[in-house]
C-alpha cells in the first residue's frame with residue numbers, strides 16, 4: 001500500500017493476514033537497498049496472507065450455512081413428528097362421520113334435561129384384562145350368526161332386542177321422563193357374571209367405560225340410596241336385549257329394569273349397542289327417512305324378522321340429523337337374513353360398508369353428539 005506524499009514519505013506497508021499493515025514501515029531508500037529477491041519474497045508473503053484470509057472467511061461462511069441447514073432439518077423433523085401424532089390421534093379417535101347439515105329441527109328442541117355429576121362411577125382399575133382380544137370377542141366358539149345382528153333369539157321382542165315398547169312407551173326421544181335423571185344409571189350385575197373377575201364382566205365394564213370416556217352418561221354401582229336401577233342379567237336361553245330409556249314409571253313396583261346378555265352377546269360393540277337402548281336410542285335403520293339412505297332387500301329378510309325393519313314415525317323417532325351409517329345402533333348388511341350371509345341392508349351412499357354390531361368398537365361421532373344434546377352434556 002502506498003501513501004501519497006513527498007518522495008521521502010513514500011512507504012510500502014506489508015499487509016498482515018487480517019488486512020492491516022505491519023508495525024514497521026519500509027521506506028523507499030530501503031526498497032532501493034533491498035534485493036529483487038526480497039521484494040518477491042515479501043510479495044509472495046502478502047499473497048499467501050490474503051489467500052489465507054479469504055479461505056478463513058469462506059470457511060466461516062460455509063459454517064454458517066451448515067448451521068442454518070441443520071436448524072432447518074430439525075424444524076422439518078419436528079413438524080413431521082407433529083403431523084404424524086395428529087394423524088395417529090385422528091385414527092384412534094372415533095370415526096370421521098361428518099357433522100350433519102340441513103337438520104329438520106334442533107337437538108335442544110328434543111333433548112333438554114339437566115345433568116348432575118356423580119363421582120361413584122365404575123372405577124377404571126376394575127377393567128382388568130383376562131385374555132380379551134382388542135375386538136372384544138372373548139370366546140372362540142361365539143358365532144357371528146348368533147349375535148345381535150340376526151336377532152334370532154328374541155322373536156317376541158320389539159325389533160329384535162327392545163323390551164317395554166308398547167304404544168305408550170315409544171316416545172323416548174320426545175319424553176324427558178324416559179331419560180335417566182342427570183345421565184346417571186345405577187346398575188347391578190347378575191351373580192352369574194362373576195364380576196369383576198370374569199372375561200364376560202370385563203367386556204361389560206369396557207362398554208360402560210366407552211360411555212364414561214366420551215359422554216356424560218355415568219353407569220354407577222347401585223347404592224342403598226338408589227330407588228331404581230338396571231339389572232344386567234345373563235339368561236343363556238335368550239340373546240341380547242334391553243329396555244329403551246328410563247322405565248321407572250312402568251316398573252316402579254319392582255325397582256329395576258333388565259338388560260340381558262345371553263348367548264353370543266359378549267362383544268364390546270354388542271354391549272355398547274344394548275346400553276345404547278338403555279340410554280334411550282332406537283335402531284338407526286328404523287328411521288322414518290331411512291329409504292333415502294339404505295335399501296332393504298326384502299327377498300333376503302327372514303320372514304320372522306320383517307318387523308325389525310318397520311319404519312318408526314317421526315313423532316316417535318324425530319329426524320334431527322343425517323343418517324349415521326357408522327352408528328353403534330346401526331345393524332350390519334346381512335342382519336336378519338335368511339341364511340346369515342345374504343345382503344339385507346344396502347347403503348345408497350358409495351364406498352360405505354355396514355359393519356356388524358359385534359365388530360364395532362364403540363360409539364360413532366354422531367352417537368356421541370346425540371347423547372350430548374339429549375342429556376345436555378357440557
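Residue numbers (UniProt numbering): 1 to 378. For every residue, glycine included, the Cβ atom is placed at its ideal position computed from N, Cα and C.
May I have the straight-line CA-CA distance separating residue i from residue j, to the nearest angstrom?
i           : j           : result
residue 86  : residue 246 : 39 Å
residue 202 : residue 231 : 16 Å
residue 71  : residue 63  : 12 Å
residue 331 : residue 315 : 22 Å
residue 267 : residue 276 : 14 Å
residue 286 : residue 237 : 27 Å
residue 101 : residue 322 : Legend: pLDDT at residue 101 = 34, less than 50; position of this residue unreliable, value from coordinates given subsequently. Those two C-alpha atoms are separated by around 7 Å.
residue 255 : residue 204 : 22 Å
residue 272 : residue 182 : 19 Å
residue 378 : residue 252 : 30 Å
residue 133 : residue 197 : A caution first: residue 133 carries a pLDDT of 32, below 50, which makes its placement in the model unreliable, though a value can still be read off. Looking at the two C-alpha atoms, the distance is approximately 16 Å.
residue 95  : residue 249 : The predicted model places residue 95 with a pLDDT of 44, which falls under 50 and marks its position as unreliable; any figure quoted below should be read in that light. One C-alpha to the other measures close to 36 Å.
residue 368 : residue 75  : 37 Å
residue 73  : residue 81  : 12 Å
residue 60  : residue 83  : 35 Å
residue 379 : residue 67  : Coverage of the chain is limited to positions 1 through 378, which leaves residue 379 absent and any answer about it impossible.
residue 310 : residue 244 : 17 Å
residue 199 : residue 366 : 29 Å
residue 44  : residue 65  : 32 Å
residue 305 : residue 293 : 20 Å
Residues in its own chain within less than 7 Å of residue i by CB, not counting five upstream and five downstream?
i           : result
residue 144 : The pLDDT assigned to residue 144 is 38, lower than 50, so where the model puts this residue is not dependable; a value taken from the coordinates is nonetheless given after this. Same-chain partners within the cutoff: 356, 358.
residue 319 : 104, 287, 288, 289
residue 300 : 337, 338, 342, 343, 344
residue 194 : 201
residue 240 : 148, 161, 260, 261, 262, 265, 270, 274
If you run the structure through DSSP and keep just helix, strand and coil, what is residue i?
i           : result
residue 243 : strand
residue 221 : strand
residue 260 : strand
residue 306 : helix
residue 380 : The question about residue 380 has no answer, for the chain in this structure spans 1 to 378.
residue 387 : This structure cannot speak to residue 387, because the chain is shown only from 1 to 378.
residue 188 : strand
residue 144 : Residue confidence is low: residue 144 scores 38 on pLDDT, short of 50, so the model does not pin down where it sits. Its coordinate-derived value is still stated next. In this structure, residue 144 counts as helix in the three-state DSSP scheme.
residue 214 : helix
residue 320 : coil
residue 360 : coil
residue 160 : Here the model assigns residue 160 a pLDDT of 48, short of 50, so the residue's position is not dependable, and the following value carries that caveat. Residue 160 falls in the coil class under three-state DSSP.
residue 294 : strand
residue 312 : coil
residue 233 : strand
residue 328 : coil
residue 96  : Any reading at residue 96 must be qualified, since the residue scores a pLDDT of 38, below 50, and its modelled position is unreliable; the value itself is stated next. In the structure shown, residue 96 sits in coil (DSSP, three-state: anything other than H, G, I, E or B).
residue 28  : Confidence at residue 28 is low in this model, with a pLDDT of 49, below 50, so the placement of that residue is unreliable and no value is reported for it.
Here's a check: name, in chain order, each residue in its chain whose Cβ is nearer than 8 Å to the Cβ of residue i, leaving out the five neighbours to either side.
i           : result
residue 233 : 190, 192, 258, 259, 260, 261
residue 78  : none
residue 402 : As shown, the chain starts at 1 and ends at 378. That puts residue 402 outside it, with no answer to give.
residue 119 : Unreliable positioning characterises residue 119 in this predicted model, as indicated by a pLDDT of 39, which lies under 50. The coordinate reading is nonetheless provided below. Closer than 8 Å at the Cβ level, and outside the excluded window around residue 119, lies no residue.
For residue i, which of the options has the nearest alpha-carbon?
i           : options            : result
residue 226 : 378, 207, 180, 73  : 180
residue 235 : 270, 243, 265, 248 : 265
residue 303 : 354, 283, 344, 349 : 344
residue 295 : 347, 376, 369      : 347
residue 353 : 371, 334, 339      : 334
residue 308 : 60, 206, 284, 80   : 284
residue 349 : 216, 324, 376, 371 : 324
residue 312 : 297, 327, 291, 370 : 291
residue 269 : 57, 207, 326       : 207
residue 351 : 372, 326, 184      : 326
residue 372 : 240, 297, 218      : 218
residue 224 : 263, 69, 199, 188  : 188
Note down, in chain order, each residue of its chain lying with its Cβ closer than 6 Å to the Cβ of residue i, except the 5 sequence neighbours on either side.
i           : result
residue 281 : 329
residue 242 : 259, 274, 277, 278
residue 186 : 220, 222, 226, 229
residue 297 : 343, 344
residue 69  : none
With a threshold of 7 Å between beta-carbons, can residue i be considered close to chain C, or not?
i           : result
residue 183 : Protein chains in the displayed structure number just one, and chain C is not present.
* To do: Taking 8 Å as the threshold, find out whether the segment 362 to 376 comes into contact with the segment 209 to 229 through three or more Cβ pairs.
  => yes
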